[in-house]
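**Student:** In the numbering used here, the protein residues as written are 66 to 231.
Note that beta-carbon positions come from the ideal geometry of N, C-alpha and C, so glycine has one too.
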């Protein structure tokens, strides 16, 4: 599966849309809901500021399905920003549906961050999750960066009932 995300598009269109009023209504999915398969995922993250230094890991992601993955991800960001946002100057947007996934934004004084998660499969049918984190630093745009995270399911988590990829 190929994923195409254009930074300029994200910055120009999605960030303002996601950072808009928290009262905005969610748009229903026009396509079938993305599929997430719980299990052990290998991931590689690349930061645009450190291109030759990828970070790899292997993590158990036990979310039951796409809805659980989305809701647990959003709950974690909301909890983190409520606990660690001492100045109370950050807001977390509502979730917006995008093709094959979801997106949301964090707006703090001086920075805006857009996070996306897209779900798919590789040519062999192995489940994939692609995440992006785009951070814009208004006062110092040259220090703004993007992080691409590719996750590939490599098996079941320890103790997990074997799961068949959908």
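What would DSSP say about residue 222, mapped onto helix, strand or coil?
**Tutor:** Within the chain shown, numbered from 1, the residue matching residue 222 stands at position 157. Note: residue 222 maps to coil in three-state DSSP.
**Student:** Determine the burial state of residue 207: buried for a count of at least 16 other Cβ atoms within 10 Å of its Cβ, exposed for fewer.
**Tutor:** As a position in the chain shown, residue 207 is number 142, starting the count at 1. Answer is exposed; the Cβ neighbour count stays below 16.
**Student:** Pair every Cβ in the segment 116-130 with every Cβ in the segment 162-180, then say whether three or more of these pairs are closer than 8 Å.
**Tutor:** No: fewer than three Cβ pairs fall under 8 Å.
**Student:** Apply the 10 Å Cβ neighbour rule to residue 192 and answer buried if 16 or more other Cβ atoms are within range, or exposed otherwise.
**Tutor:** Counting from one through the chain shown, the residue named residue 192 turns up at place 127. Residue 192 should be labelled buried.
**Student:** For residue 132, which residues of its own chain have a beta-carbon under 7 Å away from its beta-carbon, when the five flanking residues on both sides are left out?
**Tutor:** Numbered from its first residue, the chain shown carries residue 132 at position 67. Correct list: empty, nothing qualifies.
**Student:** Quick check on residue 203: buried or exposed, where buried means 16 or more other Cβ atoms within 10 Å of its Cβ?
**Tutor:** Taking the first residue of the chain shown as 1, we reach residue 203 at position 138. Classification of residue 203: exposed, given that the 10 Å Cβ count is below 16.
**Student:** Can you check whether the CB of residue 200 is closer than 7 Å to the CB of residue 181?
**Tutor:** Position 116 of the chain shown holds residue 181. Position 135 of the chain shown holds residue 200. No, the pair does not count as a contact, with Cβ atoms beyond the cut-off.
**Student:** Just the Cα atoms here: how many angstroms apart are residue 163 and residue 223?
**Tutor:** Within the chain shown, residue 163 is the residue found at index 98, counting from 1. Within the chain shown, residue 223 is the residue found at index 158, counting from 1. Looking at the two C-alpha atoms, the distance is approximately 32 Å.
**Student:** Tell me whether residue 191 sits in a helix, a strand or coil according to DSSP, three-state version.
**Tutor:** In the chain shown, the residue the question calls residue 191 occupies position 126. Reduced to three states, the DSSP call for residue 191 is coil.
**Student:** Which same chain residues end up closer than 6 Å to residue 174 when comparing Cβ atoms and leaving out the 5 residues on each side of it in sequence?
**Tutor:** If you number the chain shown from 1, residue 174 lands on position 109. Closer than 6 Å at the Cβ level, and outside the excluded window around residue 174, lie 154.
**Student:** If we call anything under 7 Å between Cβ atoms a contact, is residue 119 one with residue 107?
**Tutor:** As a first step, residue 119 must be located in the chain shown, where it is residue number 54. As a first step, residue 107 must be located in the chain shown, where it is residue number 42. Contact flag unset, no.
**Student:** Per DSSP, what kind of secondary structure is residue 172 in: helix, strand or coil?
**Tutor:** Taking the chain shown and counting its residues from 1, one reaches residue 172 at position 107. DSSP places residue 172 in strand when its eight states are reduced to three.
**Student:** Three-state secondary structure (DSSP) at residue 164?
**Tutor:** Translated into positions along the chain shown, residue 164 becomes position 99. If DSSP states are grouped into helix, strand and coil, residue 164 belongs with coil.
**Student:** Grab the span of the beta strand (DSSP E) containing residue 122 for me, first residue to last.
**Tutor:** Residue mapping note: residue 122 aligns to position 57 of the chain shown, counting from 1. 120-126 is the span of the beta strand (DSSP E), which, as asked, contains residue 122.
**Student:** Would you kindly work out how many angstroms separate the C-alpha atoms of residue 214 and residue 183, rounded to a whole number?
**Tutor:** Taking the first residue of the chain shown as 1, we reach residue 214 at position 149. Taking the first residue of the chain shown as 1, we reach residue 183 at position 118. Rounded to whole angstroms, residue 214 to residue 183 spans 10 Å at the Cα level.
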